[in-house]
Amino acid sequence: MSSLNRRQFLQSLGLASAATAAIAFPGIITAATTRPHVVVIGGGFAGATAAKYLRYWSSAVDVTLVEPNATYYSPILSNLVLNNQRNLGQISFNYNTLASKYGIKVVNDWVDAINAPNQTVNLRSGTTLAYDRLIIAPGIQFMDVPGLDSNKVPHAWKAGAQTTLLQQQLAAMPAGGTFVMTIPAAPYRCPPGPYERACVVADWLRTNKPGSKVVVLDANASIIVEPAIFGAAFTEYGVQYVPNAALQGVDSDAKIAHSSAGDFKADVLNVIPPQSAGSIVLQSGLANVGGRWAGVNPLSYESTAVPNIHIIGDSQGTGQPKAGHIANAEAKVCADAILRLLSGGQPYAAPVTNSACYSPISATTASWLTAVYAYDQASGTMKVVPESFGAAAAPSAKYYSRMFDWTTNLFNDTFA
Ligand SMILES: Cc1cc2nc3c(=O)[nH]c(=O)nc-3n(C[C@H](O)[C@H](O)[C@H](O)COP(=O)(O)OP(=O)(O)OC[C@H]3O[C@@H](n4cnc5c(N)ncnc54)[C@H](O)[C@@H]3O)c2cc1C
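Have a look at this one:
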């Protein structure tokens, strides 16, 4: 059934109004005989939330979530694995609740290709899935850095085995050694994340590897977020911060970073490469923002290049930060819009999203940063609400504790 016929069909069943009601009263829609199908690619903060809320708000839609991994490791809090405050098990999630509680069909597979005219996706296993609406939430992929071998020089910017590798390298580093890390030019995943990592590692080295040194090579001209807080911590910990240090190449065996500010030799080298939208976005012709990110209408996150395809999370190119909290918010806006569209309606005209990042500064203190974004009708973009912008005045133990309240809420809202 084509989407137009399906829409007419749903309208004939009165589901246009029912879907609206379901947003206020989750789960009240009864199943139609022929049902729209939404396929979601990627089970991170964006994709898992979208899949969950589509089904939480409507039982009239079938949802299939395609994700290759049975376990998702959260990048959020993963820096705390490096200083042994958390282990990977504490930041790992599966998709069992999404399947059992919300009736989402979870398929452990990789999407190799999208056939937009036919509205189908091809899975690596050989299966083809048809969709009425497609949500793509593949996060980021790393761009090439000459000489970089991530098995020797970890990025640890996608959590899991890479996090463990970096943690093990730090544990094996001799006292008095040098840890060098590189930060790509913005935009990249989690603006405060690299500065947070430098602080957490430097604090840990002070106690565990006395006499060690931390060097931060930043391709940006200055610390791009919370400069006062990170700058003060760098001074306290003796971090050597090098701005305008664009990475040009890596000797992965000798652990040397070649940068526009010179060559830096490390005992442990951590290169966070420049990033783009996930590969499926680029190969499907959806990366129409600088050839790197997906242009979308922020009312629905529908692609500005191809109809019926929505892109959320780190891959989207609205200018909102590439972060998990706001990915969760974008997912709800997108799910709501899709339910309205499938019912013959229009997306909500004034969506609001928000972003929050807690950054551990040591093993006992954290800072935070938050902002609200609202749809600006004149420009058709999401803009920061100036008075919403907030940041910690100083890192504290209270904020460190609140960080775990915040993550518990975010993790539950996404996976439970
Ligand atoms: C150290 C660190 C600290 C951070 N701290 C914060 C914080 O405090 N606050 C905050 O909001 N954010 C934070 N972030 C950022 C946050 O983790 C990311 O922004 C978030 O994970 C993005 O979610 P996503 O769903 O877009 O992508 P991801 O979480 O990367 O999920 C994408 C999923 O898509 C799957 N996938 C990709 N391609 C395909 C395909 N072709 N077929 C099928 N599946 C596919 C992948 O397997 C993956 O599971 C932090 C990140 C790091 C690294």
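FYI, the numbering for the sequence shown is -24 to -1, 1 to 392, going by mature numbering (1 follows the signal peptide of the UniProt record, and there is no 0). Built from N, CA and C at the ideal position, the CB exists for glycine as well.
*Residue ranges of each alpha helix (DSSP H) within the segment 96 to 157, 4 or longer*: 137 to 148
*Is any heavy atom in ligand 1 found nearer than 7 Å to the beta carbon of residue 166?*
yes
*Considering only residues of the same chain and omitting the five flanking positions on each side of residue 373, which have a CB-CB separation below 7 Å?*
340, 341
*Cutoff 7 Å; reference residue 11; Cβ partners in own chain excluding five residues on either side*: 36, 37, 38
_Exposed unless 16 or more other CB atoms sit within 10 angstroms - verdict on residue 306_ = buried
*Sorry if obvious, but does the Cβ on residue 21 come closer than 7 Å to a heavy atom of ligand 1?*
yes
_Local conformation of residue 249 per DSSP, three classes_ = coil
*Between the CA atoms of residue 108 and residue 283 - distance to the nearest angstrom*: 10 Å
*Consult DSSP for residue 239 and reduce its assignment to one of helix, strand or coil.*
strand
_Under the three-state DSSP convention, the category residue 296 falls into_ = Of the three classes helix, strand and coil, the one that applies to residue 296 here is coil, per DSSP.
*Could you give the DSSP three-state label for residue -2: helix, strand or coil?*
Model confidence at residue -2 stands at a pLDDT of 40, short of 50, so the residue's coordinates are unreliable and nothing is read from them.
*Touch check for the segment 226 to 245 and the segment 115 to 134: three-plus C-beta pairs under 8 Å?*
yes
*Per DSSP, what kind of secondary structure is residue 43 in: helix, strand or coil?*
coil
_Less than 7 Å between C-beta atoms, sequence neighbours within five positions excluded: which residues of the same chain meet that for residue 371?_
205, 337, 341, 342, 343
_Less than 6 Å between C-beta atoms, sequence neighbours within five positions excluded: which residues of the same chain meet that for residue 311?_
26, 29, 30
*Quick one: what's got a C-beta closer than 6 Å to residue 210's C-beta in the same chain, skipping five residues either side?*
217
*Examine ligand 1 and report whether any of its heavy atoms sits within less than 7 Å of the Cβ of residue 44.*
yes
*Throw me the rounded Cβ distance for the residue 117 and residue 252 pair, which I believe falls under 8 Å.*
6 Å
*Contact belief for residue 16 with residue 53 at Cβ below 8 Å, rounded distance in angstroms*: Wrong, their Cβ atoms sit about 24 Å apart, outside the cutoff.
*Nearest neighbour of residue 163, chosen from 287, 64, 294 [CA to CA]*: 294
*Please report how far the alpha carbon of residue 156 lies from the alpha carbon of residue 198, in whole angstroms.*
If you take the alpha carbons of residue 156 and residue 198, they lie about 17 Å apart.
_Considering only DSSP beta bridges, list what residue 387 is partnered with._
In the DSSP output, where bridge partners are listed per residue, residue 387 has none listed.
*Cα-Cα separation between residue 304 and residue 335, rounded to whole angstroms*: 18 Å
*Hey, would you say the C-beta of residue 186 is under 7 Å away from at least one heavy atom of ligand 2?*
For the structure depicted, ligand 2 is absent and the ligand set comprises only ligand 1.
*Using a threshold of 8 Å, state whether the C-beta atoms of residue 100 and residue 85 are closer than that.*
yes
*Compute every distance between the C-beta of residue 334 and the non-hydrogen atoms of ligand 1, then say whether any falls below 7 Å.*
Yes; taking the cut-off as 7 Å, the Cβ of residue 334 has a heavy atom of ligand 1 nearer than that.
*Starting from residue 189, trace the beta strand (DSSP E) both ways and give me its first and last residue.*
189 to 194
_Extract the residue ranges of the beta strand (DSSP E) inside the segment 192 to 221, only unbroken runs of 3 or more that lie entirely within it._
216 to 218
*Assigned secondary structure, residue 8 (DSSP; H/G/I helix, E/B strand, else coil)*: Residue confidence is low: residue 8 scores 44 on pLDDT, short of 50, so the model does not pin down where it sits. Its coordinate-derived value is still stated next. In this structure, DSSP gives residue 8 a state outside helix and strand, which the three-state scheme calls coil.
*Length-filtered (4 minimum) alpha helix (DSSP H) runs lying within the segment 16 to 87*: 21 to 33, 55 to 58, 72 to 78, all fully within the segment 16 to 87.
*residue 228 and residue 257 look like a contact to me (Cβ under 8 Å); what is the Cβ gap, rounded to whole Å?*
In fact, because the Cβ distance is near 28 Å, the residues do not count as touching under 8 Å.
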